[in-house]
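One structure below.
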Amino acid sequence: MIPALSRYLIVSLVLLACQSTIAQGPSLPDTAKIPADYKPEFNRLRNHELIDAEQTGILNSDGKADRFFIPTVNDEVNFLLTQALTKQVDLLQYDIETDSVFDHRLKVNYLKGLENILHYYRQNWKNRSDKKLDPVYLPSILLAYRECVARDRTNESIDTVVNQLPYEAGAALMTAGIFDKNPGFRPARISLIYKYCILYPQQIFSVLRENPDVPFAESLIRSVARTYPQQLYDYAQANNKLGTIIRTIHDDVFISSVVRMASSKSGQQYFPFLDNIVKGKMTFEGVDSVMNDSLLYYRLLVSTQLDYTERMLNGDTAFAYKELLAKIQKRAGEVFATTINGLHEKPDEVRFKCIQPLTAEELYYVAVSTDGLIYTSSYTRGVYPLMMKKINGKADSLLISVHFDHYRKFISQAAAYNTLGEFLSSFPHPSDADDLMKAFVSKLEKADGLEDGVDVADSYASIAETLKPRAAEMLKNVQQNYKRNIAENNPKGIAIYNILNKLFLSADSTKKINLTKELGIPPVYNVPFNSLVNDSGEVVIQLFFYGDDDGKMDYSIFLNMFKDKNWKINKTDTQWVVIKSVKGKHVSLYANIPLDEETSGDERAQKALGYYLEANNIHPTITINRGHSYHAETTIKYMSPNSRIVFMGSCGGFHLIDLILRKTPDAHIIASKQIGKRDINKPFLQLLTDKLRAGSNIDWIPFWREFKKKADKEGFEDYIPPYKNLGAIFIKAYRIAIENSTI
Numbered sequence: 002m003i004p005a006l007s008r009y010l011i012v013s014l015v016l017l018a019c020q021s022t023i024a025q026g027p028s029l030p031d032t033a034k035i036p037a038d039y040k041p042e043f044n045r046l047r048n049h050e051l052i053d054a055e056q057t058g059i060l061n062s063d064g065k066a067d068r069f070f071i072p073t074v075n076d077e078v079n080f081l082l083t084q085a086l087t088k089q090v091d092l093l094q095y096d097i098e099t100d101s102v103f104d105h106r107l108k109v110n111y112l113k114g115l116e117n118i119l120h121y122y123r124q125n126w127k128n129r130s131d132k133k134l135d136p137v138y139l140p141s142i143l144l145a146y147r148e149c150v151a152r153d154r155t156n157e158s159i160d161t162v163v164n165q166l167p168y169e170a171g172a173a174l175m176t177a178g179i180f181d182k183n184p185g186f187r188p189a190r191i192s193l194i195y196k197y198c199i200l201y202p203q204q205i206f207s208v209l210r211e212n213p214d215v216p217f218a219e220s221l222i223r224s225v226a227r228t229y230p231q232q233l234y235d236y237a238q239a240n241n242k243l244g245t246i247i248r249t250i251h252d253d254v255f256i257s258s259v260v261r262m263a264s265s266k267s268g269q270q271y272f273p274f275l276d277n278i279v280k281g282k283m284t285f286e287g288v289d290s291v292m293n294d295s296l297l298y299y300r301l302l303v304s305t306q307l308d309y310t311e312r313m314l315n316g317d318t319a320f321a322y323k324e325l326l327a328k329i330q331k332r333a334g335e336v337f338a339t340t341i342n343g344l345h346e347k348p349d350e351v352r353f354k355c356i357q358p359l360t361a362e363e364l365y366y367v368a369v370s371t372d373g374l375i376y377t378s379s380y381t382r383g384v385y386p387l388m389m390k391k392i393n394g395k396a397d398s399l400l401i402s403v404h405f406d407h408y409r410k411f412i413s414q415a416a417a418y419n420t421l422g423e424f425l426s427s428f429p430h431p432s433d434a435d436d437l438m439k440a441f442v443s444k445l446e447k448a449d450g451l452e453d454g455v456d457v458a459d460s461y462a463s464i465a466e467t468l469k470p471r472a473a474e475m476l477k478n479v480q481q482n483y484k485r486n487i488a489e490n491n492p493k494g495i496a497i498y499n500i501l502n503k504l505f506l507s508a509d510s511t512k513k514i515n516l517t518k519e520l521g522i523p524p525v526y527n528v529p530f531n532s533l534v535n536d537s538g539e540v541v542i543q544l545f546f547y548g549d550d551d552g553k554m555d556y557s558i559f560l561n562m563f564k565d566k567n568w569k570i571n572k573t574d575t576q577w578v579v580i581k582s583v584k585g586k587h588v589s590l591y592a593n594i595p596l597d598e599e600t601s602g603d604e605r606a607q608k609a610l611g612y613y614l615e616a617n618n619i620h621p622t623i624t625i626n627r628g629h630s631y632h633a634e635t636t637i638k639y640m641s642p643n644s645r646i647v648f649m650g651s652c653g654g655f656h657l658i659d660l661i662l663r664k665t666p667d668a669h670i671i672a673s674k675q676i677g678k679r680d681i682n683k684p685f686l687q688l689l690t691d692k693l694r695a696g697s698n699i700d701w702i703p704f705w706r707e708f709k710k711k712a713d714k715e716g717f718e719d720y721i722p723p724y725k726n727l728g729a730i731f732i733k734a735y736r737i738a739i740e741n742s743t744i
């Protein structure tokens, strides 16, 4: 039993943290009681039952079906939240139901508002997206709702109540959906829009598209124009109110330059050169002269990248730098990597003809820009040897010529394709190669994001297998950097190097490193069956298909897999298919039909299926992407945040792994170093569904042995099981580390 004083201290601390003290709001005594003989009116009984169901749903949403809500590691806070969820909600129901002034309509209205808030809370307290809701806000939300009801009954404005809450709590309060006629509704909504924009500046343009009439629209556009130039460009083209606002800003040279580009049919081709054009170093006419020649245009992209990279080393970051790199990635993939991949059965002189004119620097960017797309043979027999030939076999000259841009990505890629040893041996002075590998693992704490750390983590397994002395040096250097960061009291560096140290040690099975215990992360070697089932004991799998020729073929093969007596196929809907097991445990597969890609029919089908699943409270715990790497972002966008297993095939390296883990932090990700293969993907799904029908836990090490027996074909070794995906484990561990620290 928590002492009363301690309980009220915790109450005060949580309410203070939530910034939710509602001025002159009614208090709720801890001793408030509901009469034992109380029963709601029969004609409102259903409203109370729905609220009760939401209470139960929240109590169970922490993973345990009991009478306690435990969303945090703090027992006192959990006690407070449980009390709020049970007693405070019950008392709100009672007070609304027994209010002598409210008529039946108003009572139903305010009960419905309470139900809506609890539903939103249940859906989002575990969410990591921009709809996240810190669970500790529940008491303040309920107190604020009580105050809003009190004000609404006398037609007083609710905006001051909403404004005193932090964004997450205020947004949850407004999901009551019943205050739209209150005089404070619009001011409160505008205030929440502004708070959201301040928290999520990357969303400002999309928010203003839906709300162009807010009084701060132009000031927000000016504040983020240079940070998100691609979005500025996109919305400047739009034939709507937001586009008009952007196009009428004439006193900002940067914005007016982007508007000029957006008004041109070739605007996207000019955009990567935005900084040089704004500064007068490049002209539209100069870009026009190479625009229709894929080789010359790519060459201009790379030369601009080298220019911007050199400037960045001197502290001058160019506008649209990220967009330039994205354009290089797109062109390198479409013009070169896809071409040589597609000619993999042709003689080398035919296959690699298109890359012969490229310089060593241009080939370097083909390599580092197509991670997850380029075939192993395209790299090892084409891009890499030609690049080294054109730089006269001098590794140091290559890296100097590209200003060491993305050198960690290059090293990680070389390790994956077993060319790192050869590359390092081509340094004229071996000590320079040693220095490079030392730099490879050093000062990772100074990087803006996690990509460099992921490159280091991803490289280690390959290096440990093929270059053991290098691996030993990497481990030694990681440990030295760990000690350095401890001495400097750098929490970020301590977290990064502690994680890398544990990951590297775990690669040696004799060390018997338990990553779950050492790093505080969910298990990486298995997924318990009971973590995949819903309340009805059913496992739900969602598959994403796309409307290109490959997608349609994959879909046909998929349907044929489930025509035996173990499964029943339901094709009733025109946009998706449902397949359910009829023997063994309950397993359901939901897959969108790959409607025509040209008209976006496939994406509309995916959206429709998503709406159906959400409306019917169906939450897939397994996601299967059956598209190409360029479809992966769409799959991630629509996939369930409840996914515990995510099969992506080729998913394009760090960027998409990071997106997946932002959407579903505990996901076990199965990825491929290059484009996935149909003859390997099919047996994976067969084995997985067989295991699920049997009610088996997914233990990845024995699972992978069985998988290899069924799919031991060329390309299988490119598939990475979750426990070997050190980059994904690194991201998970780092995020948990920063959640539990002051980083």
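Counting in our numbering, the sequence shown runs from 2 upward without gaps.
Glycine included, every Cβ here is placed at the ideal spot set by N, Cα and C.
Sequence-distant residues of its chain with Cβ nearer than 6 Å to residue i (five each side left out)
i	result
I580	F563, W568, I570 and L590
S258	V279
R352	I341 and L344
Proximity below 7 Å, CB of residue i to CB of residue j
i	j	result
I191	C198	no
Y172	I142	According to the sequence as given, residue 172 is Ala; it is not Tyr. Result no, Cβ atoms of A172 and I142 do not sit closer than 7 Å.
L533	V525	no
K678	P642	no
T176	Y121	yes
N183	V109	no
E489	G548	no
E707	L693	no
A738	I658	no
I594	A606	yes
I159	Y95	no
Y365	R332	no
V780	A633	No information on residue 780 is available, as it lies outside the stretch 2 to 744 that the chain covers here.
A361	K391	yes
S630	L326	no
N486	I500	no
Three-state secondary structure assigned by DSSP to residue i
i	result
D536	coil
Q203	helix
V647	strand
K752	Lying outside 2 to 744, the shown extent of the chain, residue 752 is not represented and no answer is given.
Q543	strand
A5	Summary for A5: the model assigns pLDDT 38, below 50, so the residue's position carries little reliability; its value from the coordinates is reported in the next sentence. If DSSP states are grouped into helix, strand and coil, A5 belongs with the helices.
D748	A query on residue 748 cannot be resolved here, the shown segment of the chain reaching from 2 to 744 and no further.
H656	helix
T624	strand
W126	coil
Y95	helix
N682	helix
Residue i classed as buried or exposed, judged by whether at least 16 other C-beta atoms fall within 10 angstroms
i	result
D536	exposed
P429	exposed
M475	buried
S379	buried
Q543	buried
V583	exposed
T83	buried
V163	buried
Neighbourhood of residue i by C-beta distance below 8 Å, restricted to the same chain and skipping five residues each side
i	result
L93	L115, L143, Y146 and R147
N741	G521
N241	R210 and P213
D680	A712 and K714
N44	H105
Same chain, Cβ closer than 7 Å to residue i, neighbours up to 5 away in sequence not counted
i	result
V442	V457, M475, N478, V479 and N482
R382	D349
M2	Note that M2 scores a pLDDT of 31, beneath 50, so its modelled location is shaky; the value from the coordinates is reported in the next line. Hits under 7 Å: none found.
I118	I142, Y146, A173, L174, T176 and A177
L610	Q576, W577, Y591 and N593
Give a yes or no on contact between the region 696-714 and the region 679-686, applying the rule of three or more CB pairs nearer than 8 Å.
-> By the Cβ rule, the region 696-714 counts as touching the region 679-686, because three or more pairs are nearer than 8 Å.
Touch test, the region 284-294 against the region 335-342, Cβ-Cβ under 8 Å, three pairs minimum | The region 335-342 and the region 284-294 do not touch, with fewer than three beta-carbon pairs separated by less than 8 Å.
Report yes or no: do the region 219-229 and the region 263-273 share at least 3 C-beta pairs separated by less than 8 Å?
-> Counting Cβ pairs under 8 Å, fewer than three are found: no touch.
Within the chosen definition, does the region 550-562 reach the region 498-517 through at least 3 CB pairs nearer than 8 Å?
-> Result no; under three Cβ-Cβ pairs closer than 8 Å.
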